[in-house]
Each structure stands twice: as C-alpha cells, then as structure tokens.
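Below is one structure, written out as structure tokens; the observations come after it.
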Amino acid sequence: MTSRSNLIVRFAEPTDYSVLFKLIQGLAEYEKLSHAVTGNALELKEHLFGSRRYIEAILAESAGQAVGFALFFHNYSTFLTKPGIYLEDLFVLPEYRRQGIGKALLSKVAQIAVERDCGRLEWSVLEWNESAQKFYRIMGASILDDWRICRVTEDALTHLGAVN
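Residue numbers (the working numbering): 23 to 186.
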C-alpha cells in the first residue's frame with residue numbers, strides 16, 4: 023500500500039527513459055496492445071530530451087520505484103486561440119491502483135496546463151475501459167460522444183504525404 027506521504031510525482035529526467043519505456047510496455051500489455059509497440063527506449067529518450075522535444079512525461083514514484091506515468095504534449099485550439107495539453111498516456115501499475123496515484127498524475131498535468139495558460143486538457147479513453155471512464159468522470163472530465171479519432175499510419179500515411 024502506498025501512502026500519499028511517500029508518493030513523489032515529478033518530471034521525468036534523462037536517466038528515466040528506460041523505466042518509462044517499461045511502463046509504456048506495461049500499459050500496452052494492460053490494453054492488450056503489446057503488438058502495437060514498435061518503438062524503443064532510445065527513440066523515446068530522443069523525443070523526450072533531444073534537441074527537438076516532442077513530448078513531456080511525469081513519473082509517480084513510491085518508495086523509490088516508478089509506479090505510474092503521464093506522457094503529454096501541447097496542441098492548440100483555434101477556437102480558444104490558446105494552447106492546450108493532450109494527455110497521450112496515463113498509467114499506474116495494477117498493484118498500485120486505487121491509491122490516489124492516477125489522481126495525483128492527472129492533477130499534476132492539469133496544474134501544468136493551468137500554469138501554462140492552456141485552454142484545455144484532453145485525452146482519449148478506450149471504449150471498453152469503463153473503470154477509466156468512471157475515474158475520468160469523477161475527476162471532472164466530459165467524454166465526448168460526438169467526436170471520433172481519425173488516424174493515418176504506415177503505408178497510408180506515406181501515400182497521403184506523397185499526394186500532390
């Protein structure tokens with residue numbers, strides 16, 4: 023059991039890249055998407071801490087062990103004319119759930135959004151993940167039924183990028 027007093031939520035540092043990637047693999051396993059993990063820890067490190075930073079991450083630690091993370095990046099709302107934050111992943115190891123760690127991670131990302139004068143914080147949740155949906159609603163999130171995610175990857179992305 024994790025007490026709130028020994029929980030540390032902090033920005034990831036360059037030495038954290040491998041433990042962060044292991045947590046990402048844990049998330050993929052939980053979501054039954056391990057086959058979709060085609061990247062690697064070194065690419066993650068470059069995107070977090072390289073000359074061009076694409077993403078940011080925060081870690082939750084209990085007794086010196088990483089037990090969860092949130093990974094996010096900025097987006098932009100043209101209607102609000104403000105930046106926003108898109109939360110790509112939020113994950114807590116199953117044995118550490120229901121201890122306030124997910125709430126602490128989500129609250130930290132919200133705090134970052136407020137400090138940066140963002141107009142909104144957004145993320146996606148899998149349709150089958152009802153426990154996550156319940157948690158997000160408790161945290162004050164609205165789940166938008168009238169929006170769908172569009173995605174172009176791999177060959178289709180290459181093809182679309184080649185269209186003149």
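Glycine residues also receive a C-beta, built at the ideal position from the N, C-alpha and C atoms. Since the structure is predicted, the reported quantities are computational estimates derived from the model, not experimental observations.
Should V174 be labelled buried (16 or more other beta-carbon atoms within 10 Å of its own) or exposed?
exposed
What is the residue span of the alpha helix (DSSP H) that Q121 lies within?
Annotation: Q121 is outside any alpha helix (DSSP H) and is labelled neither H nor E by DSSP.
K104 - DSSP class collapsed to helix/strand/coil:
strand
Evaluate A187 with the Cβ neighbour count: other Cβ atoms within 10 Å of its Cβ, from every protein chain shown; 16 or more gives buried, anything less gives exposed.
Outside the displayed range of the chain (23 to 186) lies residue 187, so it cannot be described from this structure.
My parser needs the beta strand (DSSP E) runs of 3 or more residues fully inside the region 37-104; what are they?
78-84 and 87-99
Endpoints, the alpha helix (DSSP H) within which R159 is located:
First-last of the alpha helix (DSSP H) with R159: E152 to I160.
Less than 8 Å between C-beta atoms, sequence neighbours within five positions excluded: which residues of the same chain meet that for G48?
F113 and L115
Span of the alpha helix (DSSP H), counted from its first residue to its last, around L29:
Taken as a continuous stretch (DSSP letters only), L29 belongs to no alpha helix (DSSP H), being part of the beta strand (DSSP E) at L29 to F33.
Skipping 5 residues on each side, what residues in its chain have a beta carbon closer than 8 Å to that of F95?
Y76, I77, E78, I107, Y108 and E110
Limits of the unbroken beta strand (DSSP E) element including E149
Neither: E149 is in no beta strand (DSSP E) and is coded neither H nor E.
Compare the Cα-Cα distances from W145 to each of S164, E83 and K54 and report the closest residue.
Among S164, E83 and K54, the Cα nearest to that of W145 belongs to S164.
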